[in-house]
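Sequence lines, in order, name chains A, B, C and D. Residue 204 in UniProt numbering sits at position 204 of the first sequence, with consecutive numbering throughout. Residue 81 in UniProt numbering sits at position 81 of the second sequence, with consecutive numbering throughout. Residue 17 in UniProt numbering sits at position 17 of the third sequence, with consecutive numbering throughout. Residue 176 in UniProt numbering sits at position 176 of the fourth sequence, with consecutive numbering throughout.
Number of protein chains: 4
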Amino acid sequence: MRGRILKESIDLFDKKGFSKTSIQDIIDTIGVTKGTFYYYFKSKQELLMDIHLNYIKELLAEQEVIFNDEYLSNKEKMNNLISLIIKNIKIHGKSARVFNREFRHLDDNQLKLINDYRKEFRIKLQKLLGEGIEKGEFRDDLRCDIVIFGILGMVNRSYNWYDPDGEVSEEELVNTYMDIILNGIKKEEKTALINEKIIENHFTV
Amino acid sequence: MRGRILKESIDLFDKKGFSKTSIQDIIDTIGVTKGTFYYYFKSKQELLMDIHLNYIKELLAEQEVIFNDEYLSNKEKMNNLISLIIKNIKIHGKSARVFNREFRHLDDNQLKLINDYRKEFRIKLQKLLGEGIEKGEFRDDLRCDIVIFGILGMVNRSYNWYDPDGEVSEEELVNTYMDIILNGIKKEEKTALINEKIIENHFTV
Amino acid sequence: MRGRILKESIDLFDKKGFSKTSIQDIIDTIGVTKGTFYYYFKSKQELLMDIHLNYIKELLAEQEVIFNDEYLSNKEKMNNLISLIIKNIKIHGKSARVFNREFRHLDDNQLKLINDYRKEFRIKLQKLLGEGIEKGEFRDDLRCDIVIFGILGMVNRSYNWYDPDGEVSEEELVNTYMDIILNGIKKEEKTALINEKIIENHFTV
Amino acid sequence: MRGRILKESIDLFDKKGFSKTSIQDIIDTIGVTKGTFYYYFKSKQELLMDIHLNYIKELLAEQEVIFNDEYLSNKEKMNNLISLIIKNIKIHGKSARVFNREFRHLDDNQLKLINDYRKEFRIKLQKLLGEGIEKGEFRDDLRCDIVIFGILGMVNRSYNWYDPDGEVSEEELVNTYMDIILNGIKKEEKTALINEKIIENHFTV
DNA sequence: GATGAATGAGTGTTCATTCAT
DNA sequence: AATGAATGAACACTCATTCAT
Numbered sequence: 001m002r003g004r005i006l007k008e009s010i011d012l013f014d015k016k017g018f019s020k021t022s023i024q025d026i027i028d029t030i031g032v033t034k035g036t037f038y039y040y041f042k043s044k045q046e047l048l049m050d051i052h053l054n055y056i057k058e059l060l061a062e063q064e065v066i067f068n069d070e071y072l073s074n075k076e077k078m079n080n081l082i083s084l085i086i087k088n089i090k091i092h093g094k095s096a097r098v099f100n101r102e103f104r105h106l107d108d109n110q111l112k113l114i115n116d117y118r119k120e121f122r123i124k125l126q127k128l129l130g131e132g133i134e135k136g137e138f139r140d141d142l143r144c145d146i147v148i149f150g151i152l153g154m155v156n157r158s159y160n161w162y163d164p165d166g167e168v169s170e171e172e173l174v175n176t177y178m179d180i181i182l183n184g185i186k187k188e189e190k191t192a193l194i195n196e197k198i199i200e201n202h203f204t205v
Numbered sequence: 001m002r003g004r005i006l007k008e009s010i011d012l013f014d015k016k017g018f019s020k021t022s023i024q025d026i027i028d029t030i031g032v033t034k035g036t037f038y039y040y041f042k043s044k045q046e047l048l049m050d051i052h053l054n055y056i057k058e059l060l061a062e063q064e065v066i067f068n069d070e071y072l073s074n075k076e077k078m079n080n081l082i083s084l085i086i087k088n089i090k091i092h093g094k095s096a097r098v099f100n101r102e103f104r105h106l107d108d109n110q111l112k113l114i115n116d117y118r119k120e121f122r123i124k125l126q127k128l129l130g131e132g133i134e135k136g137e138f139r140d141d142l143r144c145d146i147v148i149f150g151i152l153g154m155v156n157r158s159y160n161w162y163d164p165d166g167e168v169s170e171e172e173l174v175n176t177y178m179d180i181i182l183n184g185i186k187k188e189e190k191t192a193l194i195n196e197k198i199i200e201n202h203f204t205v
Numbered sequence: 001m002r003g004r005i006l007k008e009s010i011d012l013f014d015k016k017g018f019s020k021t022s023i024q025d026i027i028d029t030i031g032v033t034k035g036t037f038y039y040y041f042k043s044k045q046e047l048l049m050d051i052h053l054n055y056i057k058e059l060l061a062e063q064e065v066i067f068n069d070e071y072l073s074n075k076e077k078m079n080n081l082i083s084l085i086i087k088n089i090k091i092h093g094k095s096a097r098v099f100n101r102e103f104r105h106l107d108d109n110q111l112k113l114i115n116d117y118r119k120e121f122r123i124k125l126q127k128l129l130g131e132g133i134e135k136g137e138f139r140d141d142l143r144c145d146i147v148i149f150g151i152l153g154m155v156n157r158s159y160n161w162y163d164p165d166g167e168v169s170e171e172e173l174v175n176t177y178m179d180i181i182l183n184g185i186k187k188e189e190k191t192a193l194i195n196e197k198i199i200e201n202h203f204t205v
Numbered sequence: 001m002r003g004r005i006l007k008e009s010i011d012l013f014d015k016k017g018f019s020k021t022s023i024q025d026i027i028d029t030i031g032v033t034k035g036t037f038y039y040y041f042k043s044k045q046e047l048l049m050d051i052h053l054n055y056i057k058e059l060l061a062e063q064e065v066i067f068n069d070e071y072l073s074n075k076e077k078m079n080n081l082i083s084l085i086i087k088n089i090k091i092h093g094k095s096a097r098v099f100n101r102e103f104r105h106l107d108d109n110q111l112k113l114i115n116d117y118r119k120e121f122r123i124k125l126q127k128l129l130g131e132g133i134e135k136g137e138f139r140d141d142l143r144c145d146i147v148i149f150g151i152l153g154m155v156n157r158s159y160n161w162y163d164p165d166g167e168v169s170e171e172e173l174v175n176t177y178m179d180i181i182l183n184g185i186k187k188e189e190k191t192a193l194i195n196e197k198i199i200e201n202h203f204t205v
């Protein structure tokens with residue numbers, strides 16, 4: 001029952017927003033009574049916190065798995081991470097949207113905890129970037145924090161517009177983002193492109 | 001008075017969120033009574049709509065100015081647009097955050113109108129990109145819509161974390177974003193870099 | 001309206017008790033809506049506090065008047081005070097019962113304030129007793145605090161059983177209490193005791 | 001288990017009041033579940049009734065013992081009764097406070113029964129006083145009912161303020177009360193009464 | 001004897017909104 | 001232009017109680 005309440009709440013919070021979703025809405029959807037809701041959750045806010053914790057903890061766990069794979073370059077890790085985020089939209093898109101939209105309804109203590117987790121995620125990404133720079137995979141003339149904020153902004157926003165059942169495949173989206181992030185959108189001059197080609201060849205060999 | 005209500009509402013909606021800000025909060029801040037509020041606004045929602053309209057219309061107007069400048073390349077127009085957005089954080093950050101967070105509280109008709117404006121902004125950007133591609137300024141092997149969504153995600157998110165009074169200057173932020181967008185973060189191989197240099201020289205000449 | 005709410009609330013709190021009286025009960029009695037109640041009172045508890053403050057402040061004011069009358073002996077002042085309490089049952093009996101029964105529903109801060117006032121009332125009575133002892137009006141071999149607690153217990157309980165419209169007149173009740181109290185705590189002179197007999201004899205004849 | 005529930009309930013009802021104590025509070029304190037509570041008690045109100053019945057029945061039984069002691073004068077019986085009440089504060093103070101505060105939460109039938117017992121206790125005391133008057137132990141010019149209400153008010157209130165572990169010993173409290181009461185209602189000796197007249201005359205002049 | 005999931009009526013409270021003045 | 005008393009629907013939440021196991 002607890003699980004069902006969580007699931008339906010996420011649905012409704014995604015569809016209508018936290019403040020416009022009443023406990024009544026939730027229990028009506030499930031077909032139970034108020035008492036049942038409060039048997040499983042102390043308050044509406046605690047339910048929201050639960051959703052947040054579930055989401056960020058799973059995300060951190062998945063991030064950890066990717067980061068710990070020693071056979072991957074930092075570039076590849078970043079690619080996999082973006083892929084992870086995009087591919088999760090289908091399964092966890094609702095949670096993700098709730099997570100990214102409704103955290104303002106948490107109280108101060110809850111918010112602090114969630115923001116610590118958020119930061120943890122960002123800092124790890126930053127470290128990934130930093131290591132990649134040291135290894136010569138990434139440029140060393142950009143502020144890491146800004147770059148990461150930029151990448152996260154770009155990728156995370158997908159939750160708000162990307163339809164996994166639409167005409168753009170997940171692969172194309174991931175590849176496009178990675179391409180922009182790695183190479184930029186500027187058209188290279190001929191010579192540059194040639195060399196780029198060589199590099200690419202050299203690289204993939 | 002109307003202006004004061006708008007101003008204080010934006011402040012409060014930014015600080016506490018739309019649903020957690022009551023009319024009472026607003027009028028207490030200003031020091032008037034309920035009747036006054038309803039003399040100037042039909043409803044709380046109409047006030048929110050007003051804020052949205054003011055924001056998006058001004059943004060579109062400023063976009064228009066930049067786009068109509070025939071002395072700028074598309075690359076430069078994009079740079080100026082990003083600069084516009086970042087520099088607006090100091091003056092219009094509150095409005096922007098309200099605009100990007102609270103639109104879910106508009107009713108269907110209002111939301112449709114706002115979304116049309118939003119789309120107009122995005123489509124214009126997309127056209128800018130498209131023209132740039134035709135002129136050879138930008139790569140032609142990426143989907144325009146995805147690229148624009150990516151860029152907007154990256155830049156717009158700044159409203160949520162960027163502190164214009166912090167250690168990063170607006171110029172640095174704009175340049176970093178433009179650099180990532182145009183060139184990417186991948187470290188170029190020597191030969192590539194050399195050619196890049198040439199391009200840059202060629203470019204600035 | 002505020003006054004009406006106060007009045008009807010006291011009635012209901014006296015009749016049914018604070019916790020069993022709902023806001024709904026109160027507004028139904030008056031014929032207004034919930035909003036009206038909350039326009040005048042921040043909460044049910046604040047209403048209760050208001051009742052308490054009104055009651056104790058008026059009581060203290062009346063105590064003050066009696067105490068400041070310099071033409072009265074301490075014995076007479078005590079008599080007048082008891083008379084005041086008993087005679088108030090008709091007009092303020094409901095308030096008094098609410099005051100003496102429902103204070104446990106106040107929160108800690110409210111309760112502290114009310115208890116300070118309560119204590120003030122008691123301490124003043126104690127001073128009255130102390131002065132009377134010094135002037136030889138009362139016995140000096142009893143603890144003032146206990147005596148006052150005893151007197152207050154005796155007199156205050158009347159709110160719970162005394163019916164001002166019943167067969168016992170207010171005068172008789174006051175006189176009986178004073179008689180019990182005075183002839184108990186009054187310093188008996190040897191000679192005095194002898195003469196008392198004469199009166200009694202004379203009286204009963 | 002039944003006993004534990006009773007004990008903890010009295011504790012909680014004394015500390016927080018009946019209406020503010022939930023079944024949940026009670027079972028949490030004991031460490032059992034709701035079912036257990038309802039296995040032993042039909043309802044919360046029945047539990048309250050149980051507490052009331054236990055209390056008043058024991059009190060009546062103890063009253064009975066004192067009253068049936070044929071070696072005691074009525075004066076002594078009254079003294080012992082007051083002593084009984086005061087000394088009980090240490091052991092039964094919580095029950096007594098619950099009994100004197102929470103009876104309003106009983107339903108009509110329960111309340112009627114409890115009030116009958118209460119009355120029985122009072123009437124017996126009144127009879128004790130009446131017999132004492134006949135035997136010349138107490139004054140005969142005061143209404144018995146009022147006197148008993150007064151005495152009970154005085155003594156019973158002790159439950160609300162008297163701390164058996166404080167600086168005033170139980171003996172001192174009992175003696176003070178008895179002193180106040182007895183020397184008030186006690187029939188004065190001949191010689192003593194004669195002198196009173198003189199004082200009074202002297203006084204009013 | 002004891003569990004604990006589920007009930008559902010009821011509670012205090014909030015708040016956007018109206019309207020006579 | 002502005003007031004502020006009054007509305008009333010909605011809300012989050014509580015809690016004594018039931019009952020299948």
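Where a beta carbon is used, it is the ideal one built from N, C-alpha and C, also for glycine.
DSSP places Phe18 (chain B) in the coil class of the three-state scheme, outside both helix and strand.
DSSP places Phe103 (chain D) within a helical segment (H, G or I) once states are collapsed to three. The region 141-185 of chain D is shown to contain whole alpha helix (DSSP H) runs of 4 or more residues at 144-156, 158-161, 170-185, in chain order.
When only Cα atoms are considered, Phe121 (chain D) and Ile146 (chain D) end up about 15 angstroms apart. Among the residues of chain B, those whose CB is under 7 angstroms from the CB of Ser19 (chain A) are Ser19, following chain order.
DSSP, reduced to helix, strand and coil, places Phe13 (chain C) within a helical segment of the structure shown. If you draw a straight line from the Cα of Lys90 (chain B) to the Cα of Ile82 (chain B), it is about 14 angstroms long. Phe138 (chain C) sits in a strand when the DSSP states are folded into three classes. Under a criterion of Cβ atoms nearer than 9 angstroms, the residues of chain C adjacent to Val147 (chain D) are, in order, Thr176, Ile180.
Here Ile151 (chain C) has Ile181 as same chain residues with Cβ atoms under 7 angstroms from its own Cβ, once five neighbours each way along the sequence are excluded. For Met1 (chain C), there is no enclosing alpha helix (DSSP H), as DSSP marks it with neither H nor E. Interface flag for Arg2 (chain A) against chain B is unset, since no Cβ pair is found closer than 7 angstroms. Nearest CB-CB separation between Gly150 (chain C) and chain D: below the 7 angstroms threshold. At a C-beta separation below 9 angstroms, Arg157 (chain D) has these neighbours in chain C: Phe149, Gly150, Leu152, Gly153, Met154, Asn156, Arg157.
The Cβ atoms of Gly166 (chain C) and Gly153 (chain D) do not sit closer than 7 angstroms to each other. Straight across, the Cα-Cα distance linking Arg97 (chain B) with Leu48 (chain B) is about 12 angstroms. Taking the beta carbon of Val168 (chain A) as reference, the chain B residues within 9 angstroms of it are Arg143, Asp145, Ile146, listed in sequence order. Shown in chain order are the members of the region 104-116 of chain A whose Cβ falls below 9 angstroms from a Cβ of chain B: Arg104, His105.
Across the structure, Gly31 (chain D) and Ser22 (chain A) are spaced so that their CA atoms are roughly 33 angstroms apart.
Rounded to whole angstroms, the separation of the alpha carbons of Glu70 (chain A) and Gln63 (chain A) is 13 angstroms. Assigned with DSSP and collapsed to three states, Phe37 (chain B) falls in helix. Residue burial is scored here from C-beta neighbours: Lys77 (chain C) has at least 16 other C-beta atoms within 10 angstroms and is therefore classed as buried. Around the Cβ of Ile85 (chain D), a 10 Å sphere holds 16 or more other Cβ atoms; the residue is buried.
Residue environment: Glu58 (chain C) is assigned as exposed (fewer than 16 neighbouring CB atoms within 10 Å of its CB, all protein chains considered). In this structure, Asp25 (chain A) keeps its C-beta atom at 7 angstroms or more from the C-beta atom of Leu6 (chain A). Cβ neighbours of Ser73 (chain C) within its own chain (closer than 7 angstroms, five residues either side excluded): Glu137. DSSP, read as helix, strand or coil, puts Leu47 (chain D) in helix. Secondary structure of Asp69 (chain B) (DSSP, three-state): coil. Close partners of Leu173 (chain D) in chain C (Cβ separation under 7 angstroms): Ile146. Here the C-alpha atom of Met1 (chain D) lies approximately 14 angstroms from the C-alpha atom of Asp50 (chain D).
Minimum Cα-Cα distance from Asp179 (chain A) among the listed residues B:Asp141, B:Glu102, B:Gly93 corresponds to B:Asp141.
By the 16-neighbour rule on beta-carbons within 10 angstroms, Thr176 (chain A) is buried. Contact annotation: Phe103 (chain D) and Tyr55 (chain D) have beta-carbon atoms that are not nearer than 7 angstroms.
Here the C-alpha atom of Lys15 (chain C) lies approximately 38 angstroms from the C-alpha atom of Tyr40 (chain A).
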